[in-house]
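Note sheet for the following structure.
Protein chains: 4
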Amino acid sequence: MTDDSDDAHEWQEPDRHEFDHDPLGHTDVWGGMTVGELVEEYGEAGIGAAAVHEAADVYAEMLADDDCTVFMSLAGAMAPTGMRSIVSELIRDGHVDALVTTGANLTHDAIEAIGGKHHHGAEHADDKTPQEHDEQLRDEEVDRIYNVYLPQEHFALFESHLRSEVFPVLEQEGTVSIERFTRELGKANAAVNEREAIAEDAGIAAAAYESNVPIYCPAVSDSVLGLQAWMYSQTSEFALDALKDMTPLTDLAYEADRAGCLLVGGGVPKNFTLQTMLVTPDAYDYAVQITMDPASTGGLSGATLDEARSWGKLKKEARNVTVQGDATVYLPLLVAAARERIDG
Amino acid sequence: MTDDSDDAHEWQEPDRHEFDHDPLGHTDVWGGMTVGELVEEYGEAGIGAAAVHEAADVYAEMLADDDCTVFMSLAGAMAPTGMRSIVSELIRDGHVDALVTTGANLTHDAIEAIGGKHHHGAEHADDKTPQEHDEQLRDEEVDRIYNVYLPQEHFALFESHLRSEVFPVLEQEGTVSIERFTRELGKANAAVNEREAIAEDAGIAAAAYESNVPIYCPAVSDSVLGLQAWMYSQTSEFALDALKDMTPLTDLAYEADRAGCLLVGGGVPKNFTLQTMLVTPDAYDYAVQITMDPASTGGLSGATLDEARSWGKLKKEARNVTVQGDATVYLPLLVAAARERIDG
Amino acid sequence: MTDDSDDAHEWQEPDRHEFDHDPLGHTDVWGGMTVGELVEEYGEAGIGAAAVHEAADVYAEMLADDDCTVFMSLAGAMAPTGMRSIVSELIRDGHVDALVTTGANLTHDAIEAIGGKHHHGAEHADDKTPQEHDEQLRDEEVDRIYNVYLPQEHFALFESHLRSEVFPVLEQEGTVSIERFTRELGKANAAVNEREAIAEDAGIAAAAYESNVPIYCPAVSDSVLGLQAWMYSQTSEFALDALKDMTPLTDLAYEADRAGCLLVGGGVPKNFTLQTMLVTPDAYDYAVQITMDPASTGGLSGATLDEARSWGKLKKEARNVTVQGDATVYLPLLVAAARERIDG
Amino acid sequence: MTDDSDDAHEWQEPDRHEFDHDPLGHTDVWGGMTVGELVEEYGEAGIGAAAVHEAADVYAEMLADDDCTVFMSLAGAMAPTGMRSIVSELIRDGHVDALVTTGANLTHDAIEAIGGKHHHGAEHADDKTPQEHDEQLRDEEVDRIYNVYLPQEHFALFESHLRSEVFPVLEQEGTVSIERFTRELGKANAAVNEREAIAEDAGIAAAAYESNVPIYCPAVSDSVLGLQAWMYSQTSEFALDALKDMTPLTDLAYEADRAGCLLVGGGVPKNFTLQTMLVTPDAYDYAVQITMDPASTGGLSGATLDEARSWGKLKKEARNVTVQGDATVYLPLLVAAARERIDG
């Protein structure tokens, strides 16, 4: 900036510059544009929009790579908040080779499979204080997950489902792996859903069962599913092995020509998916993560994928992108854009 | 949860329950779906997706209400990161009645209007440390805005533009309002852009000038535009009045049958847009905000729109929605969805 | 605000008002003030400072209540980032009755117990790009946890420790609970630390062993500790039961006169600590949580303690406070303030 | 990690390693420790605690450097939430050479100077819904700032104060700079406070007036102070110049031997403090910022100080630290620690 340029009265052509090779465009939008078109337009922009564009690009490349084994992690309240179909459809279409998730997601997935419903609620009620709101929900036996309600009776129905359809089979087998448990759950969900003509889509565990995709759930005891398993184990031979699943998961990583991961949320599912590469000579070739957490928390949930390189979880040359934001918005956006690309 | 239900071996129809009236569906996605369809699917879900759906609904209602005067605030690095066309098109289509923004957005908007370009860059370079990266940019006279680069020569060209096209006109008028300044800037941007056949879209200030939409910029001195104005004022009669604009802005609010606001980011533009209602008997009927900040910061940028009610900035019955996330992603998403609704 | 008050030239005593009963003071600070004094001064202020003050108050009350059983959850990278002594001292002083944590914290705690060291590092190196930085760390066999480094050789030494001191004892016992595993680990850590005269403080697991405090680690397989356990189990009788620990943890909750929890971070440790109350008729009387996550993520890590009320995890009348921020700053601050109160 | 080390039954001395030079210690805390001792202990740790330790170190060095001109920016709701004394004491003790702040902070500072009080409130009331809470506050004429209440009558008293003590003086002078306005406000605050024997500390503007420290407020129109100024200007000669202050501020930067800045919050105060260096050949030698925003927002409020290097706002060799967190907690902590160091 100079003080003496007031004689520069004519418009000047800017000099060429080494940074001129990749100018930003402008994101245009129009009524009726497709999601894929929107994501292309994000590619014109900076900050988070550019990351969404690149994430869709890497994810589509990963799905289109026939030699790539795709691991998906799913943390957070995704099944109870409406993200269940997206995941089950990805599984049915062959876009997931192994799923790592939480007991909570499997619990809420099963509740819907057997006819339960989650309901639109509110973080705060229109006619009660926050504390009164949650107290009244408690009195009426309705559990709240942020802005979603679930009547507690569905946990009792879920308990019946497990005790009639799942545990009796498994207790014959003595101590079983957690993946064996989630597989039987998926089979039971599919069976009840079909028998009772409940819904077209029996959900995540059912889709995984029918598509022969394993579901790993290392922290299963940390959920209502786990509490039920523990209660049943008190009076039966049923037991769960905490370590067994690491063998087939590691084998899958070992045998992959190339490996990619879609990490939805952080927590145990993210770390478990990444740590698999610590015990194989290989590492991920592609990685896309959606997380709410900035790296500055220092926790694993927000840790960058570069950090994962120092541990050997990602290949040095791996394509990787982090999208920071709400997975209930970003997962549908990325999947719709990737599907438009690979199906189109 | 009970311990004695192991005889409940049959599937049971769930009881009807008062919370059963509004069940969540499942967000479905498919290749080729439109943005409006995606936002409809968000309406099936919870957490942030539900907020995006509601924000699009309120925004479309606000735009479709012919008696509603629409105020738009635009903070953050939106013009330099690719969000310029979306805003100029909203202005040209009559969807903005007054814009409140920052000097930075007007600076970067003008730089593009006269032929400058921002460039895709990176927060961190591939071959340098973070500090070396920014030092090298400094040596090469390139400014960085997160992952966007701007060669500094464009500030010199911008200075010439102001000194040849804008300031000479204004100094005839003595002390002028800031809106008078932004109007003349828009006129000059439009003129140069057309004369030099630079681009189809001369940008935000040009669109506002041509559409007779005022642009308010209360913190103009806090920008390169302001620094240029100050330097010019040192050797001329040119001066800016810090208070004058509040009269026409307040009049606009006063005369509105109904008033709505789209708040993009926080900062001065958000507060200035809201505080206008402190000096009128009226208040906003509709409000949609996109912000990165949670309310727990205690700052105005993340403050809820309920808090604005205590000050009388929003009507008690006003429809309002907060979407928490990156405006480079959410603004295009909301505008595309609203346009699909109102144009469709 | 009125326009006609320019005759109001005299200073006026403000009217009394129903909101006048609890005026804010001003937070004063001075060189040499104690942490307890600082936290008292926070009590004069609003926003987050007020929450820190209240959290220290509830935590001190919980610790001073002799009939209160205190559960502590510890997620995140706390052991590798210097928070190990604070936790071990709380255990030794009787301020923790049960600890719920991650396999990662137990891994890094043991590494220090047997003579390993974590090192001050950097998120980004001074002389390398972020990717080169992590690649070089990979080449030099150093793992990075945000701004902390750990040479990988310590994992090999940790492996030797487990294989010489821990697994041989446990494999005699067949399938064991995870708490049995962490107890033997604590015993071994204490033994090696003393035998080799490594440090005054043998750490968290050792303190827990010596103080007869159980450590629960439901997601143990999601850690290097879990990977080691799995590898050993491949060639031995050693096995871990995923469900067994829920019995003594539930019993502890059941038997508590009053119950309180200090939740450091979210994740599995937070939820596991809270869900214990789902299978007892009781609920927490006190709860303090430190989390980086705002409630708006919709995930459990950031969920409010009010939400926990709807599930029956907290008593309706429970005192509870959420502090939003970095646990490496807030945990020491809260513990120092509470200790000043109860020891003073 | 190896699979064949089960013969490694003896404890081994770890190899020396190039990363062994700077081991982490453990943060210890004890009842009665000083804030300076706590911050020293943070220096043993990683993640955010390490940043707090370094920030206190840089800030103390900046204050102890007699040749360093210290600029302080103050955004956010700091005056109404109890941070007023800390700032006025820093000014009185010569630790601030220029203050850049918001009209809101000056408004709330003046309200307390003339006898008004802010009050401890709540984000949500105990006996009302969030919307009802804010509606009732509206009905009772109480404004809410997150968890702080302010009866609106104080705005009327503030108006009287301005109209009796401040505007009549200034309108004699015609168009004045904003700094001239804040100086007269400080003088009036001090005078009324002393005349009415209101409080020992007449606050920020009074301290600045008495200490001859300029207060810059580039976005003054965006506040109740600005609304009052505008209303008075409607019927008088009083007017504010939007640009004039840049001359003395730039001169101060120009004349500084060394320059340092303490940036509290982002917004206009942060940018205005930094941009001053765009029009001087110099740049900051020290910079400490406290911000809630991660860099990934792309906005200026969360922008790293490295980014500021690319613009020439910081010297290449400048010591700089970013602390991410709540300023109501971190500002008192840093100031107490720095005072213990430099006064001790």
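Chains as they are written, first to last, in our numbering: chain A, 1 to 344; chain B, 345 to 688; chain C, 689 to 1032; chain D, 1033 to 1376. Quick reminder that beta carbons are idealized off the backbone N, C-alpha and C, glycines included. Please read these numbers as outputs of a predicted model, since none were measured by experiment.
Distance from the CA of D66/A to the CA of Y284/A, rounded to the nearest whole angstrom, comes to 15 Å.
When secondary structure is reduced to three states using DSSP, L1138/D falls in the helix class.
Taking 3 residues as the minimum length, the beta strand (DSSP E) runs contained wholly in the region 704-787 of chain C are 756-762, in order along the chain. Counting the other CB atoms within 10 Å of its CB gives E661/B a total below 16, which places it among the exposed residues. Rounded to the nearest angstrom, the gap between the Cα atoms of I391/B and Y146/A is 7 Å. The beta carbons of A399/B and V665/B sit about 4 Å from each other, so the pair counts as a contact at 8 Å. Contact of P982/C with chain B by beta-carbon distance below 7 Å involves P638, S640. Between H120/A and chain B, the shortest Cβ-Cβ separation is below 8 Å. The criterion of a C-beta distance shorter than 8 Å is satisfied by V1023/C and V1061/D. The shortest C-alpha to C-alpha distance from D97/A to any of V70/A, S88/A, P269/A is the one to V70/A. Residue pairing for Q633/B: DSSP places it in a beta bridge opposite L607/B, T666/B. For N900/C, the number of other beta carbons within 10 angstroms of its own is below 16, and it is reported as exposed.
Under the 8 Å criterion on CB atoms, H468/B is classed as interfacial with respect to chain C. Take Y59/A, set aside five residues on each side of it, and the residues of its chain with a beta-carbon closer than 6 Å to its own are V288, L334, A338, in chain order. Using a C-beta cut-off of 8 Å, the region 916-934 of chain C makes no contact with the region 983-997 of chain C, since fewer than three inter-stretch Cβ pairs fall below that distance. Short of 7 Å from the beta carbon of L1257/D, and not among the five residues preceding or following it, lie these beta carbons of its own chain, in chain order: G1135, L1138, T1139. Using a Cβ-Cβ cut-off of 8 Å, G203/A does not count as an interface residue toward chain D, since no Cβ of chain D sits closer than that to its own. Every unbroken stretch of the beta strand (DSSP E) spanning 3 or more residues and falling wholly within the region 537-593 of chain B is given here in chain order: 583-585. In this structure, L331/A places its C-beta atom within 8 Å of the C-beta atom of M83/A. Distance from the CA atom of P1313/D to the CA atom of L481/B, rounded to whole angstroms, is 17 Å. Taking 7 Å as the upper bound on Cβ-Cβ separation, chain B lies near residues I1210 of the region 1209-1241 of chain D. Considering only A1081/D, M1104/D, D1089/D, A1077/D, the residue with the shortest C-alpha distance to L1294/D is M1104/D.
At a cut-off of 8 Å, the C-beta of D478/B has a neighbouring C-beta in chain D.
For T371/B, a Cβ of chain A is located within less than 8 Å of the residue's own Cβ. Excluding sequence positions up to five before and after K875/C, its CB lies within less than 6 Å of the CB of Y897, all in the same chain and listed in chain order. In the three-state DSSP reduction, E861/C falls in the coil class, being neither helix nor strand.
Taking all protein chains in view, the Cβ of E777/C is crowded by 16 or more other Cβ atoms within 10 Å, so the residue is classified as buried. The region 1107-1114 of chain D makes contact with the region 1176-1192 of chain D; the number of CB pairs closer than 8 Å reaches 3 or more. Y42/A has its alpha-carbon roughly 26 Å from the corresponding atom of T817/C.
Within the same chain, and ignoring the five residues on either side of Y1181/D in sequence, the residues whose Cβ sits closer than 8 Å to its Cβ are H1150, H1151, H1152, G1153, L1169, V1174, D1175. When the beta-carbon positions are compared, E847/C and Q916/C come within less than 8 Å of each other. Identification of chain A residues near K1003/C by a Cβ-Cβ cut-off of 7 Å yields none; the smallest Cβ-Cβ distance measures about 10 Å. Residues of the region 384-401 of chain B with a Cβ closer than 8 Å to any Cβ of chain C, in chain order: G390, I391, G392. Assignment of E485/B by DSSP, reduced to helix, strand and coil, places it in the coil class.
Under the Cβ distance rule, W1262/D does not count among the residues neighbouring chain C, no pair being separated by less than 8 Å.
Residue burial annotation: Q922/C is exposed, with fewer than 16 other C-beta atoms found within 10 angstroms of its C-beta.
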